[in-house]
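Below is one structure, written out as structure tokens, with a few remarks after it.
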Amino acid sequence: MPEGDTVWRQARDLRAVLAGEELISCDFRVPAYATLDLSGETVDAVESRGKHLLMFVGGLVVHSHLSMEGHWDIYPAPTGGRPTRWRKPAFAARVVLVSHLATAVGFSLGKLEVLRKEEVENAVGHLGPDLLGPGWDTDQALLRILADPTRAVGLALLDQRNLAGIGNIYRNELCFLGKVHPAVPVAQVPSLERMIDLAKRLLEANKDRPRRATTGGPAQRDAALWVYGLAGKPCKKCGSIIRHDTMADPEFPLRAARDIYFCPRCQPTL
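According to full-length UniProt numbering, the sequence shown is numbered sequentially starting from 1.
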């Protein structure tokens, strides 16, 4: 599942093969940009902002969001006139960008749009401090979360307007490590600042790893995580059976409720 660390790696890898390079081919496979051709333009920069990815190309910005299933794949430049076989079906491709070094394909992107530079803030200006960005600000993230003290901490952590980069896996793991149920109101969390600092440390620790881990154990699912996806299995700390539920966000009634996992003993509802 793409979270802030995943998008950070995607930006890093795309930057390595596109930044400073001229695009020799460009193919947008969405109706709104089907006629847009950025061939001949130079990719000036590739950046991540929380779970958003921005490519600055010839005065424009290609903005993508991976959502649940999106991914950017990178393939070596074709040799001998033979195209490289993609790892995913062609119908899932939303955009194909080719430089002399590589081909970058955005598959199943949840959002894809092309903006003028002055429009970028309209797309990402609502985001809180970026956990993996150069401007990370713990105090600002804390102030944003505390602005709504009655909101469930599990919803506040997931809200990208408070701090950018936490997805559902980290949300569940942070609540476990903070010893609170996700439904506990922000005002009743005894160690909120510590949870925010821990979020920063976890994403930093995982940003260069191919597989995410929060326990310090092997990067294999049952050993790597404390509670996420482990319903019905014993808690690694107390032995109680981990439970599963769903949690809807009243601020976004059209969004589907998200999964929560928790230990009933380690994470009391207070």
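Idealized CB from N, CA, C, for every residue including glycine.
Close beta carbons around residue i, own chain, < 6 Å, minus the five adjacent residues each side
i: W8; result: S48, L132, K207
i: A223; result: G217
Residue burial classification, residue i (beta-carbon count within 10 angstroms, cutoff 16)
i: G59; result: exposed
i: K51; result: buried
i: P182; result: buried
i: L143; result: exposed
i: G165; result: buried
Distance between residue j and residue i (C-alpha atoms, nearest Å)
i: residue 278; j: D139; result: What the structure shows of the chain is the stretch from 1 to 270, and residue 278 is not part of that stretch, so it cannot be assessed.
i: A152; j: G128; result: 18 Å
i: P134; j: H65; result: 20 Å
i: E21; j: T246; result: 45 Å
i: A123; j: C238; result: 44 Å
i: F107; j: E251; result: 29 Å
Residues bridged to residue i [DSSP beta-bridge criterion]
i: H71; result: F107
i: I241; result: P234
i: H63; result: L54, E113
Proximal residues to residue i (C-beta, below 8 Å), its chain only, five neighbours per side dropped
i: I242; result: V227, L230, A231, G232, K233, P234, C235, Y261, F262, C263
i: L202; result: Y170, E173, L174, T214
i: S39; result: L23, I24, S25, C26
i: T269; result: H181, A183, V184
Collapsed DSSP secondary structure at residue i in the structure displayed
i: L155; result: helix
i: A256; result: coil
i: C175; result: helix
i: T150; result: coil
i: V184; result: coil
i: E47; result: strand
i: V120; result: helix
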